[in-house]
Structure formats: C-alpha cells, structure tokens
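Protein chains in written order, with our numbering: chain X, 57 to 147; chain F, 57 to 147.
To start, the structure itself, in structure tokens.
2 protein chains.
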Amino acid sequence: MAMPLAKTFSALADPNRQIIIDLLKRGEQSASAIGRQLDITPPTLSHHLDVLKRADLISGRRQGQQIFYSLNFSTVQEISEKIVKFLKIKK
Amino acid sequence: MAMPLAKTFSALADPNRQIIIDLLKRGEQSASAIGRQLDITPPTLSHHLDVLKRADLISGRRQGQQIFYSLNFSTVQEISEKIVKFLKIKK
DNA sequence: TTATTATTTAGATAGTTATCTAATTATCTA
DNA sequence: TAGATAATTAGATAACTATCTAAATAATAA
Chain X
57 MAMPLAKTFS ALADPNRQII IDLLKRGEQS ASAIGRQLDI TPPTLSHHLD
107 VLKRADLISG RRQGQQIFYS LNFSTVQEIS EKIVKFLKIK K
Chain F
57 MAMPLAKTFS ALADPNRQII IDLLKRGEQS ASAIGRQLDI TPPTLSHHLD
107 VLKRADLISG RRQGQQIFYS LNFSTVQEIS EKIVKFLKIK K
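Below is the structure:
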C-alpha cells in the first residue's frame, strides 16, 4: 500500500480516532455503534472514519442500512513494524 | 514522563520533524547543522525543535553559541513500545 | 409509495499549525 | 565595546482540521 508515515501519524494523532481504533480491536462495529461511544455527531464520526479509511487503517462493508467497520489487521501490523523501524536507533 | 500518545503522534506527523528525528539518530547536531539539511528558515526550524522538545523526543544543550540537539533515547524507546502496544490486536 | 433509520456529503466556522520576515537574546572574538 | 554568528521570540498569514447544522443518499419496512 505504501502509505506515507506522515499520513499514518496524522491519522493516529486524534483522540477520537484513537478510541475508534481501540474499539475496533475487539471486532467490527457499525458506525452508529461506534458513535454511541463517542460524544460526537454522526457527520463528525463520518469524517474520522474517512480519515482512518484514507490512511488504510480501517475498512467498511455495508450490510443493509448499516456500515460495519473493522481494522485492517495487516496494515496495522505493517504500520507497527514501520514505526518501530523508524524509531529504531542505528548504532 | 506520561506523554499522551496524541501529542507524540502529532509531533511525528510532520515530514520535516521526521527528517530531524532521522538525522539525530546518527548523533547530536547543532540547530544550524540540522537547518542546512532542511530547506526551512531558522525560525521554522526552531518551531519544529520546540514541538519535538515538548513531546520529550529531543533535548538541547548549549555549547557556546550553538545548541546541540540529540534524541532522548529512553523516551523514543518508551514511545516505540507504547505504540506497538497500542496497535497490538487483542485476541 | 411514504416513513424511518443509517450514513454520508455540503457548507460554514473556530481553532490549530507551518511558514515567513523582523526583531531580540546569547555567545564569542577582535 | 563593537561586530559577527547562532538561535529564539514576536507577530502575521495561509492552509488545514475538527466540529457543527442542514441536506442528500441508501436501505428497509409499513
């Protein structure tokens, strides 16, 4: 996917988006289910989901009226490794 | 130090600051030495160094007219672990 | 078809941030 | 002390972002 690290860090820099990531670790959830745990309006939630999607951190699939969001596990894994590598001190 | 993760991610989200981190992995450098590799004015550099300092990622020590900046290795290590933990999927 | 629910898109706004120029502070040297 | 160099602070500005309300789209149910 070759997502630049800056975009990833920006996506992760918002507290509400961190909570969303945290929620999705337990498994997929509909947008409204996420929203119920976040004290923001649906449009704001939609914006945050969009940022996370564009950073390739999450994906959504529509099922009926709802859209279920889930973590992109492989991307998260990749990012985690990339960050560790970036922060690793060269001796 | 208990630096909130959001602040760390914000600090790391800027390309110029990523370059600074990268440069300092090789060892300490004066502000002007960093600046020569960055195509920004001294005040802008100063701003970025300040952001990184406030995120506890770097420290500066004055030696004569120059201020030498270096990575806070232990903080970087801590942060790296914290990020891995944050991105770790609970089974 | 009409109403209801779920979500997104459009548009506006307030707050934040990256950047610059100009001025200031700190240190060294002649 | 005066001048030069290194870095920061002050102040302005343009771009970006998180948020909201209102409107639009999508899917379901009556």
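Glycine included, each C-beta is placed from N, C-alpha and C at the ideal position.
Quick caveat, the model's predicted, so the values are computed rather than measured.
Sub-8 Å separation of residue i and residue j beta-carbons
| i | j | result |
| --- | --- | --- |
| A69/F | A111/X | no |
| G91/X | L80/X | no |
| A124/F | S88/F | Note on identity: in this sequence residue 124/F is Phe, with Ala being the wrong assignment. No, these two residues do not count as a Cβ contact at 8 Å. |
| V132/F | V140/X | no |
| I145/F | L127/X | yes |
Minimum Cβ-Cβ distance from residue i to chain X less than 8 Å
| i | result |
| --- | --- |
| Q74/F | yes |
| K164/F | The structure shown does not extend to residue 164/F, since chain F is modelled only from 57 through 147, so no value can be given for it. |
| L90/F | A quick correction: the sequence has Ile, not Leu, at residue 90/F. No, its Cβ sits nowhere closer than 8 Å to a Cβ of chain X. |
| F65/F | yes |
| A69/F | yes |
Run of the beta strand (DSSP E) containing residue i, from where it starts to where it stops
| i | result |
| --- | --- |
| I145/X | Where I145/X is concerned, there is no enclosing beta strand (DSSP E), given that its DSSP letter is neither H nor E. |
| I114/X | I114 to Q119 |
| L127/F | Q122 to L127 |
Neighbourhood of residue i by C-beta, 7 Å cutoff - its chain only, sequence neighbours within 5 removed
| i | result |
| --- | --- |
| L108/F | A67, R73, I76 and I114 |
| F142/F | L61 |
Neighbourhood of residue i by C-beta distance below 8 Å, restricted to the same chain and skipping five residues each side
| i | result |
| --- | --- |
| A78/F | Here residue 78/F turns out to be Asp, not Ala, going by the sequence shown. Answer for D78/F: no residue qualifies. |
Cβ shell of residue i (< 6 Å), same chain only, five flanking positions each side left out
| i | result |
| --- | --- |
| T64/X | A111 and I135 |
| F99/F | According to the sequence as given, residue 99/F is Pro; it is not Phe. If we look at P99/F and ignore the five residues flanking it on each side, it has no Cβ neighbours. |
Opening and closing residue of the alpha helix (DSSP H) in which residue i lies
| i | result |
| --- | --- |
| Q74/X | P71 to L80 |
| D106/X | P98 to R110 |
| G91/X | A87 to G91 |
| A67/X | L61 to L68 |
Proximity test, Cβ basis, 8 Å: residue i and chain F
| i | result |
| --- | --- |
| I139/X | yes |
| V107/X | no |
| F124/X | no |
| L143/X | yes |
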